[in-house]
Amino acid sequence: MPFTIAIDGPAAAGKGTISKAVAAALGYAHLDTGLLYRATGRRVLDGLEPLAAAQALVAEDLARDGLRTPEVAQAASRVAALPEVRAALVDFQRAFARRQGGAVLDGRDIGTVICPDADVKLFVTASAEIRAQRRLAELLAGGHDVTADQVLADVRERDARDMDRADAPLKPAEDAVRLDTSALDIDTAIAQALAIIRTRQ
Ligand code: C5P
């Protein structure tokens, strides 16, 4: 039986790092679904129409450089509000989730829309200020020229757009376990996530 773990939450809450570590610890495959929206957003910035951009995605697009910039993140959250773009990306995500050997998917709507029957659902959160601090450190380390105020405004704008959209808004599934990482270092957050998952295996 495939075992599916859904990890959702807002930007920079730690879900990407937690998902990667959980997948490595359990030997499962991992899909960062944000990359699907980032790659679509990137293609729209390059001039494609959103639905065509989503339909034309190929696996190599997810490995493209330059998907982690604030500009692409904003473009991703704009295309992610379009129902036709979301619909075009559903089958790929569900097929990934059904892999033999187990899968971890992280995103915004995995537990609510993509995998409502996931074996474990985690909703990873942290305060907007803490998330902005983490994202600022990542961006500065990557050589991006940004200020703390810009990053906090960006995080808040994306949160609002992700939570307020009509189609698949960011929210915890009713049966999700919440993990607030505001006061946790990343190793503790990973250990807590694994402890929750192991109670369901
Ligand atoms: O997780 P990441 O920051 O890479 O996601 C980029 C954007 O893609 C998010 O702000 C969100 O709008 C969108 N997204 C989504 N559903 C997902 C994953 C990401 O709408 N499952």
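Note that the working numbering has the sequence shown beginning at 75, numbered continuously upward. C-beta: ideal position from N, C-alpha, C; glycine also.
| Asked | Found |
| --- | --- |
| In whole angstroms, what is the alpha-carbon distance linking Ala285 and Gly115? | Since the first and last residues shown for the chain are 75 and 275, residue 285 lies out of range. |
| Should Gly71 be counted as a contact of the ligand C5P given a C-beta to heavy atom distance under 6 Å? | This structure cannot settle anything about residue 71, because the visible part of the chain is limited to 75 through 275. |
| If you pair each beta-carbon of the region 122-135 with each one of the region 187-200, do three or more pairs fall below 8 Å? | no |
| To the nearest angstrom, how far is it from the Cα of Val220 to the Cα of Gln275? | 42 Å |
| Is the closest heavy atom of the ligand C5P to the C-beta of Gly181 under 6 Å? | yes |
| Identify the continuous alpha helix (DSSP H) that holds Thr107 and give its terminal residues. | Premise fails: Thr107 is in no alpha helix (DSSP H) and is neither H nor E. |
| May I ask which residues mark the beginning and end of the beta strand (DSSP E) holding Asp180? | Ala177 to Gly181 |
| Rounded to the nearest angstrom, how far is the Cβ of Leu141 from that of Ala162, given a contact under 8 Å? | Actually they do not touch by this definition, with Cβ atoms about 18 Å apart. |
| Among the residues of its own chain, which have a CB less than 7 Å from the CB of Ala267, if the five just before and after it don't count? | Ile92, Val96, Leu196 and Leu253 |
| Ordered along the chain, which non-local residues of its own chain (more than five positions away) have a Cβ less than 6 Å from that of Arg209? | Ala86 and Val225 |
| What number of angstroms, rounded off, separates the C-alpha of Gly101 from the C-alpha of Ile260? | 19 Å |
| What three-state label does DSSP hand Leu100 in the structure shown? | helix |
| From the DSSP output, in three-state form, read off Arg254 for me. | First, the residue type needs correcting, since residue 254 is Asp and not Arg in the sequence shown. Residue state, collapsed to three classes: strand. |
| Taking contact to mean at least 3 C-beta pairs separated by less than 8 Å, is the region 163-172 in contact with the region 224-243? | no |
| Counting only the same chain and skipping the five closest in sequence on each side, list residues whose C-beta sits under 6 Å from that of Asp135. | Ala113 |
| Run through the region 170-232 for me and flag every whole beta strand (DSSP E) of 3 or more residues, listed as ranges in chain order. | 177-181 and 194-199 |
| Applying the criterion that 16 or more other CB atoms from any shown protein chain within 10 Å of the CB defines a buried residue, is Thr255 buried or exposed? | buried |
| Report the three-state DSSP secondary structure of Asp135 (helix, strand or coil). | helix |
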